[in-house]
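Here is the structure we will look at.
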Amino acid sequence: MIRITLLPVLLISPLLTEPSGTVMDGPRSIRSFRPISTEQDDALETYFTDAGPLAIEFYEHLTLLSNPWLAGRQPGTDGSHIAGDYVVWNFQQSGLDPAFENGDTWFQPFDFELSRSTPTVVNEFVSVDDMAFTPERDYVVLGNSGSGNVTGKITFVGYAIESGEEGYSSFNTDTDLTGQIAMMLRYEPLDEKGASQWAGRRFSPHASMRDKMQSVTDRGAIGVILVNPPNCRDGRRGLESVLSSRFGSTNVPVVQFTEKTANLAILGYDIAKLQRDADAGTVTTKSLNSKATLNIEVESSAIHAQNIGGVLQGRGDLADEWIVVGGHYDHLGFGYVGTQHSGELHLGADDNASGTAVVMMMARLLSEQYASSEDDSLRSILFILFDAEEAGLHGSAAFIEHPIMDLDSVNAMINLDMVGNLSENNISLSGSGTAEEFGVLIPSVVEASSLTASLTPGGTGPSDHTNFYQKDIPVLFFFTGITDEYHTPKDFAHTTNPAGAAKIVELAHAFASRMVDDPKLTFATNTSGGSNRSARRSSPVRLGIHPSYTADLETGVLITGVSEGTSAEDAGLGQGDVLLAWNDEELTGGRKLMDMLQASKPGDVVELTVQRNGKNIIVPVTLKAP
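So for the sequence shown, the working numbering puts the first residue at 1; every next one is plus one.
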């Protein structure tokens, strides 16, 4: 692989010799000053001359986007906005139209939160009647709380379950909680031993905190008090923290009481007795003899981000069909996510200034192609740069939620992410099994190039194409591999391969040129071998699932696909399953799952608690080596 690693060597090599400076008379006019080029200058000139104009164009884009002035393009920062303005300027030069708000703007704003971030509790005061409670001892503000200063009667709502098993409901059809503060139990009806009545182990989907909160706020509750069932066997103990209780945001104050605080707050009632009634289904809602005040002020941890999009208008019968060409333009800034070098500047040349550069170059090339084409019918093309990919594919998820077109009209999505380090002319193409026609199209395009394509059939992976694939859109993910510079402060422009990137541009352009007027592709479901560029830790065993990177779950890991020949396939795990527990240990997310895999060995048999079709089941899995 040819990489521009010669640059730093060339630039510092004069410093390795002994000082030998001299002073001489200069020219009479600065216009006559013509220094002789050095060998280093000649080497660089030769490299870029041989590499060609596309390599030069790529490197120009790359050096600007990875300039320290942009501070690593972290979403919501000035550097990100500068990068966005640069993208827009290039889209304008290519003759594109703004993509959003009916052609009025290039930007699609959205907010996101980091999975580990928490809102900040700025002010809090909680009282019941004439009793003021102490934070962290008597109660905590939960991570999904909104701000507000409310006072209202406390109404017990049991488990706050809209519709449970065998007709169970915590509400009557006319239940109105307007102006009231709802006191709810966590989880779901329990048996005499404190275990769920509806699940073989742990809890069923009816225990979703997000659904509970929604059920009371929809009925007009102005605040929520959460209490753990006193005799719960498998549930959490004690008070939560703001971090551990992000159950989806609400717009009302939400707190958790201890059992002792709850009993003080509902003088004349006993929370254990109320729970037994709720377990038996003999209570719906009960107005209690107390009035609570919840004065909570929280500051959201939301980060403001924006996608950037430009449209090349199609024509004729295909004008209402689309091709999407995209990649993400954000990076890690000073290491706010996804790195072991937090606090250091991450420039993100390969990841993903390289893909951003290629998207802009394809916009220019395809615009020129459309201008000169005599075809009567061509599909429209959306060129889009996603924000906040590094934090969890948030930009593409926001677009999929609010697209500019009917998603059924999208012929294919081309994703360019980390395409700056072509080695041995070998490009990775993921998604080769997501369209029936790819079996013929991909070989015909690749064979006309100078590249070797390593094909991965699956349409899932830790990049933005995943969100399109999950909407039944064929995808092709271009990727040149992970280097030692990945997610480190050493991902510089001079560590990339501009000549190789030029070949990627040509290949991606060749694919797009076919997709704009060939017969519409036929989507095919394929998750086998989904791309996985994010695995940074080796593990003695492999489960073989493709986890969701965007699912908004209280707990657990959502499976979006299963690789062939793996432990997961052998055990019958499939798309849509949610992994809740590993033996008896709760799986709070992907990191916890990785920890469990790290601690396992081939041949171990683990019992996974799996939520499937609204039921919890136990699935034994025999773990195999990768």
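Even glycine gets a Cβ: it sits at the ideal position worked out from N, Cα and C.
If you ignore the 5 residues before and after Asp104, its C-beta comes within less than 7 angstroms of the C-beta of Pro98, all in its own chain and listed in chain order.
As a beta-bridge residue in DSSP terms, Trp582 pairs with Glu585 and Leu608. Assigned with DSSP and collapsed to three states, Gln369 falls in helix. Ranked by Cα distance from Lys601, the options Thr588, Arg542 and Ser548 are led by Arg542. Collapsing the DSSP output to three states places Asp406 in coil. Under the three-state reduction of DSSP output, Asp50 falls in the helix class.
Distance from the Cα of His304 is smallest, within the candidate group Asp577, Arg31, Pro75 and Glu57, for Pro75.
The C-alpha of Pro519 lies about 28 angstroms from the C-alpha of Phe386. The residue from Ser170, Ser290, Gly223 and Ser208 with its alpha-carbon nearest to that of Gln275 is Ser170. Excluding five sequence positions before and after Ser287, the CB atoms of its chain that fall closer than 7 angstroms to its own CB belong to Lys153 and Thr155, given in chain order. It is roughly 24 angstroms from the alpha-carbon of Val605 to the alpha-carbon of Ala195. Look at the beta carbons and you see the stretch 64–82 touching the stretch 381–398: at least three pairs across the two are nearer than 8 angstroms. Taking the Cα positions, Gly565 is about 10 angstroms away from Lys624. Listed in chain order, the beta strand (DSSP E) elements of length 3 or more contained wholly in the stretch 88–122 are 107–112. Leu312 and Ser208 do not touch by the CB rule: their CB atoms are close to 43 angstroms apart, not below 8 angstroms. The stretch 303–361 contains, as complete beta strand (DSSP E) runs of 3+ residues, the segments 303–312 and 322–328 (chain order). Asn616 counts as buried, since no fewer than 16 other beta carbons sit within 10 angstroms of its beta carbon.
For Leu365, the CB contacts under 6 angstroms within the same chain, skipping 5 residues up- and downstream, are His509 in chain order. Fully enclosed alpha helix (DSSP H) runs of no fewer than 4 residues occupy 465–469 and 498–515 of the stretch 463–534, in order along the chain. Note that the stretch 55–73 touches the stretch 341–357; at least 3 beta-carbon pairs, one per stretch, sit closer than 8 angstroms.
Residue Asp417 holds the alpha-carbon nearest to the alpha-carbon of Ile482 among Leu451, His494 and Asp417. Per DSSP, the unbroken beta strand (DSSP E) holding Val140 starts and ends at Tyr139 to Val141. Where Asn263 is concerned, the enclosing alpha helix (DSSP H) starts and stops at Glu259 to Ala265. DSSP, read as helix, strand or coil, puts Thr178 in coil. Assigned with DSSP and collapsed to three states, Lys615 falls in strand. The continuous stretches of beta strand (DSSP E) do not include Ser396, which lies in the alpha helix (DSSP H) extending over residues His394 to Glu401.
If you ignore the 5 residues before and after Ala319, its C-beta comes within less than 8 angstroms of the C-beta of Gln313, Ser377, Leu378, Arg379 and Ser380, all in its own chain and listed in chain order.
Runs of the beta strand (DSSP E) lying entirely within the stretch 157–242 and spanning at least 3 residues, in chain order: 181–185 and 223–227. Between Gly223 and Val242 the beta-carbon gap is near 17 angstroms, outside 8 angstroms, which marks them as no contact. Note on geometry: alpha-carbon atoms of Glu57 and Gly433 lie some 32 angstroms from one another. Beta-carbon to beta-carbon, Thr175 and Thr261 are separated by about 25 angstroms, too far to satisfy the 8 angstroms threshold.
When rounded, the separation of the alpha-carbon atoms in Asn613 and Ser567 is 21 angstroms. When rounded, the separation of the alpha-carbon atoms in Tyr47 and Asn426 is 20 angstroms. Assigned with DSSP and collapsed to three states, Ala278 falls in helix.
Inter-segment contact for the stretch 124–135 and the stretch 407–414 is absent: fewer than three beta-carbon pairs are separated by less than 8 angstroms. Pairing Ser450 with Val516, the inter-Cα distance amounts to about 23 angstroms.
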